[in-house]
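Trainee: Oh and the sequence shown: position 132 is 132 in full-length UniProt numbering, straight run, nothing missing.
From the three backbone atoms N, C-alpha and C, an ideal C-beta is built for every residue, glycine too.
Treat the numbers as computed from the prediction; the structure is a model and nothing was measured.
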Amino acid sequence: MAATKDPRPCSIADALALVGEKYSLLVLREVCLGNGRFDQLVRNIGAPRDILATRLRRLVDAGILTKRAYSERPQRFEYRPTQAGLELEPVLLTLMDWGNRHLRADDRPMVIEHRCGQELVPVVTCRTCGDPVRHEDLTSHPQSPGWTVSGPTAA
Numbered sequence: 001m002a003a004t005k006d007p008r009p010c011s012i013a014d015a016l017a018l019v020g021e022k023y024s025l026l027v028l029r030e031v032c033l034g035n036g037r038f039d040q041l042v043r044n045i046g047a048p049r050d051i052l053a054t055r056l057r058r059l060v061d062a063g064i065l066t067k068r069a070y071s072e073r074p075q076r077f078e079y080r081p082t083q084a085g086l087e088l089e090p091v092l093l094t095l096m097d098w099g100n101r102h103l104r105a106d107d108r109p110m111v112i113e114h115r116c117g118q119e120l121v122p123v124v125t126c127r128t129c130g131d132p133v134r135h136e137d138l139t140s141h142p143q144s145p146g147w148t149v150s151g152p153t154a155a
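1) Measure the C-alpha to C-alpha separation of Thr148 and Pro142 and round it to an integer number of angstroms.
2) Do Arg76 and Thr66 have their C-beta atoms within less than 7 Å of each other?
3) Contact check, Leu52 vs Tyr23 under 8 Å by CB: the rounded distance?
4) Determine the burial state of Met110: buried for a count of at least 16 other Cβ atoms within 10 Å of its Cβ, exposed for fewer.
5) Please list the terminal residues of the continuous alpha helix (DSSP H) segment that includes Thr94.
6) So for Met1, helix, strand or coil by DSSP?
Printed below as a string of structure tokens:
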């Protein structure tokens, strides 16, 4: 379990501790697009080289990316998503869809096509019934002792 400063036990906080740093999700975006070489990442993200190197090291250490040498002289590496990294791709697609709808409705920078030939519009569905997930259909059940939905229980 990742350590976070959030007092509530929370998988969202744990995930953000790994991928919520500036540039981390952009690195994952580029690697999922097939742009895994350091020079490609610098060019496409615009991150300072030292910060980018730190983010890459952290994502590799967390098991989100793998690092593979593609040149010995000079030594150069390519980064690829692990299974855990690929499992974050729907998160990226959902963020992109939200950004397209709420921030860039008139100038979407990229469209993702599904293998069926149609534009992908990500929808979160219930694994059991297949219904789309809507806020009003959800009920939270805290699993950590000492916590309720509204916060910690009295000691």
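Mentor: Let me lay it out:
1) Rounded to whole angstroms, Thr148 to Pro142 spans 6 Å at the Cα level.
2) Cβ atoms of Arg76 and Thr66: not closer than 7 Å.
3) Indeed they touch by this definition, with Cβ atoms about 6 Å apart.
4) Exposed.
5) In the DSSP assignment, Thr94 falls within the unbroken alpha helix (DSSP H) covering Glu89 to His102.
6) With a pLDDT of 47 at Met1, under the threshold of 50, the predicted position of this residue should be treated as unreliable, and no value is reported.
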